[in-house]
């Protein structure tokens, strides 16, 4: 039997509308649509927006939220994050991912692009919660060529197994970065992805130090180096890309590489602030938005990321017109959907029903001269009232089924795996 | 009869405590304190923090929230804000201020330092809602010397009338800025403030353009110019101070001038980003935090301001250790209290009972390795559960008495005063 949902009386682009959804697809937008046998969701007093697409995160890192504040990047990684990560077993990753998804629903995200170990565990958690997701098999050999055969075999096996995943959850190839993966491995991973029509998810030019290292070793920036390896194609999603120069941007544009801006993480880790949004946009690079993992940027709130991204562009360019809100909302929704090859990020007949209802009957939207301005600059995610993913109501009136169970299991698991560590 | 409040089982600096409050003062902190005849507030599952002190805002500008997005600063002021402001009558200012205070309570602010026309109307709104506040009589003569006598008379009259205000609400002298007020007027205002033991609240070096103008006219930066007028004393609160140089900072430190960092407003209006926090702190300048008015920074959320301030310092300095969270919490609470000469910002016996209870039983505080990190970087203001101002519970379980009335009156008033304007 087909699954049907009718959202009544919701505000869409300033007008009151009904939205009819069949099997995860918006089939009709109009007024006074008949309910038939559809489930009903009342939208009075609420505006509907596309669900956010979080284009770069490491979901189980929710478990390390707030660990190592005030440390330098090197201390943070060496003394805290890496030793803790080694302790994360399957159960920890499962509940850490569920906590991440709970947080995403609570802040209006309906799709995320993930990179973490044991991707099949995260994919299972995602399937159970009904979120659309992309999970990388992480290739990171620390440039140890001895690992080549083993990684190839594991990747092939993981890909084969991923074919059993729910249709909402997708397998991608993660190339951790140009500095942490050996050349042959990068080439193999990208070729494998192309042959199997998979996305590639990598970190690229996150820090200036990474660029210096690349120039010292390869005479080129990381982007130029990867271009030289002939691996940059339109299936590549490059996270951060904070330290790309004009020539790098030209390459990214020519190859159709998608970029993920992770503003809060870049600021918090002191990586830098001058993200070249205008330059990328003007060159034709598709720019998307991500939160990065909770260990570095502490939450998975795309509304916060949008706000910081806009404030920062306006601030460092000293131009109040920089990164206008109509571009910003696309960056957080439509552009991510395009990068992932899914038909969301727009609310129209035929599109995926990945949506959020925003409660506008509160002080953040009072007065309400400009809904988008209020959403981005005045409100916070507590105004996200309900979330629909693939046509299913995954959060209703701010309640996600099983949320207490997730919090209590996370607390139990954290206690178990990090028990003997002094923070 | 004395007003008494007992907060039970709240987490204070990691330990479960009770807090006993008599007539607005914390009289006892301990465990299992007897309730006696005190009102009871259950604090289980919550952490107590000092109420935030919003050191620079223009409260009635809530009425212009989201007006003029995407305009340049000049268009924004000339075409939108100033024409709209002329329409704000007493009723509009009254409800606009109440909306601001509602928003402040909802985000944990217990004291604000305001600068707006008709300060007595805002002070009345503040008294009715039970918030601690400071309101400037605004001196802005656009350097028209003809207005001198009239302003002196009005200021004296306003000060006299302010003596009838509630004891929670304080009168200050607002010198709009060095560029908008004539020399004699600045000198008179500051002298009047000193003679009457009043604070002076001014804008200082908000934009680079303001500095250029000052240097062209006076050969000096605004700070140096004011120093030359001998008006800078420890009763002066300087908002923004984004474009101060080393010599300015030396002057501010020597004179004990307090600075208010308004990070979101500075970024959003494109004023700049390199706020010299380290330099001011090291020179001994007391740095505090503000949101500015809602027309420029869209909300009055001090938690958001804290987060952006920290991210920005770490980002532009490329130093993850910049503006550590223990300094940040003081900037948002204790430093503001010191600047205003009130004994809040600390939770100890003898201090003012201006407090917030933070609900930690939610995903933003899961796991909870580091409460302060979670508060600033993971949570948003929806975790502020209850607010106590001057020993009275002004928000309980996120409900503020009369909040529906405030929203409906603001909507009505906005419709009335801005009715014929196309946005």
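Chains as they are written, first to last, in the working numbering: chain Z, -19 to 403; chain S, -19 to 403. Glycine is no exception: its CB is placed at the ideal position from the N, C-alpha and C atoms.
Taking the continuous alpha helix (DSSP H) assigned at residue i, which residues delimit it?
{"i": "residue 288 (chain Z)", "result": "282 to 297"}
{"i": "residue 198 (chain Z)", "result": "188 to 198"}
{"i": "residue 316 (chain Z)", "result": "314 to 320"}
{"i": "residue 64 (chain S)", "result": "62 to 65"}
{"i": "residue 104 (chain Z)", "result": "99 to 109"}
{"i": "residue 231 (chain Z)", "result": "226 to 235"}
{"i": "residue 203 (chain S)", "result": "202 to 208"}
{"i": "residue 137 (chain Z)", "result": "128 to 142"}
At least one CB of chain Z closer than 8 Å to the CB of residue i: is that the case?
{"i": "residue 136 (chain S)", "result": "no"}
{"i": "residue 296 (chain S)", "result": "yes"}
{"i": "residue 60 (chain S)", "result": "no"}
{"i": "residue 83 (chain S)", "result": "yes"}
{"i": "residue 246 (chain S)", "result": "yes"}
{"i": "residue 360 (chain S)", "result": "yes"}
{"i": "residue -6 (chain S)", "result": "no"}
{"i": "residue 67 (chain S)", "result": "no"}
{"i": "residue 299 (chain S)", "result": "yes"}
Measure the beta-carbon distance from residue i to residue j and round it to whole angstroms, keeping in mind my assumption that it falls under 8 Å.
{"i": "residue 391 (chain S)", "j": "residue 346 (chain Z)", "result": "7 Å"}
{"i": "residue 235 (chain Z)", "j": "residue 213 (chain Z)", "result": "6 Å"}
Which term fits residue i, buried or exposed, when burial requires 16 or more other beta carbons within 10 angstroms of its beta carbon?
{"i": "residue 190 (chain Z)", "result": "buried"}
{"i": "residue 354 (chain S)", "result": "buried"}
{"i": "residue -19 (chain Z)", "result": "exposed"}
{"i": "residue 122 (chain S)", "result": "exposed"}
{"i": "residue 62 (chain S)", "result": "exposed"}
{"i": "residue 396 (chain Z)", "result": "exposed"}
{"i": "residue 95 (chain Z)", "result": "buried"}
{"i": "residue 328 (chain S)", "result": "exposed"}
{"i": "residue 219 (chain S)", "result": "buried"}
{"i": "residue 227 (chain S)", "result": "exposed"}
{"i": "residue 196 (chain S)", "result": "exposed"}
{"i": "residue 300 (chain S)", "result": "buried"}
{"i": "residue 98 (chain S)", "result": "buried"}
{"i": "residue 77 (chain Z)", "result": "buried"}
{"i": "residue 385 (chain Z)", "result": "exposed"}
If I follow the unbroken beta strand (DSSP E) through residue i, where does it start and stop?
{"i": "residue -12 (chain S)", "result": "-16 to -8"}
{"i": "residue 30 (chain S)", "result": "26 to 30"}
{"i": "residue 74 (chain Z)", "result": "Segment 70 to 86 is the alpha helix (DSSP H) holding residue 74 (chain Z); no beta strand (DSSP E) there."}
{"i": "residue -1 (chain Z)", "result": "-5 to 2"}
{"i": "residue 95 (chain S)", "result": "89 to 95"}
{"i": "residue 19 (chain Z)", "result": "19 to 22"}
{"i": "residue 238 (chain S)", "result": "238 to 241"}
{"i": "residue 350 (chain Z)", "result": "From DSSP, residue 350 (chain Z) is part of no beta strand (DSSP E); its letter is neither H nor E."}
Roughly how many angstroms lie between the CA atoms of residue i and residue j, to the nearest whole one?
{"i": "residue 379 (chain Z)", "j": "residue 179 (chain S)", "result": "47 Å"}
{"i": "residue 290 (chain Z)", "j": "residue 305 (chain Z)", "result": "8 Å"}
{"i": "residue 37 (chain S)", "j": "residue 75 (chain S)", "result": "16 Å"}
{"i": "residue 341 (chain Z)", "j": "residue 294 (chain S)", "result": "36 Å"}
{"i": "residue 312 (chain Z)", "j": "residue 107 (chain Z)", "result": "22 Å"}
{"i": "residue -11 (chain S)", "j": "residue 21 (chain S)", "result": "9 Å"}
{"i": "residue 27 (chain S)", "j": "residue 381 (chain Z)", "result": "26 Å"}
{"i": "residue 148 (chain S)", "j": "residue 113 (chain S)", "result": "6 Å"}
{"i": "residue 12 (chain S)", "j": "residue 4 (chain S)", "result": "20 Å"}
{"i": "residue 52 (chain Z)", "j": "residue 156 (chain Z)", "result": "21 Å"}
{"i": "residue 251 (chain Z)", "j": "residue 144 (chain Z)", "result": "39 Å"}
{"i": "residue 399 (chain Z)", "j": "residue 367 (chain Z)", "result": "35 Å"}
{"i": "residue 79 (chain Z)", "j": "residue 282 (chain Z)", "result": "16 Å"}
{"i": "residue 110 (chain Z)", "j": "residue -7 (chain Z)", "result": "27 Å"}
{"i": "residue 163 (chain Z)", "j": "residue -4 (chain S)", "result": "55 Å"}
{"i": "residue 223 (chain S)", "j": "residue 40 (chain S)", "result": "27 Å"}
{"i": "residue 375 (chain S)", "j": "residue 336 (chain S)", "result": "9 Å"}
Got a sec: is the Cβ-Cβ distance from residue i to anything in chain S below 8 Å?
{"i": "residue 7 (chain Z)", "result": "no"}
{"i": "residue 346 (chain Z)", "result": "yes"}
{"i": "residue 249 (chain Z)", "result": "yes"}
{"i": "residue 269 (chain Z)", "result": "no"}
{"i": "residue 151 (chain Z)", "result": "no"}
{"i": "residue 367 (chain Z)", "result": "no"}
{"i": "residue 354 (chain Z)", "result": "yes"}
{"i": "residue 78 (chain Z)", "result": "no"}
Does the CB of residue i have a neighbour CB from chain C at under 8 Å?
{"i": "residue 57 (chain Z)", "result": "Judged by its chain identifiers, the structure shown contains no chain C, and its protein chains are Z and S."}
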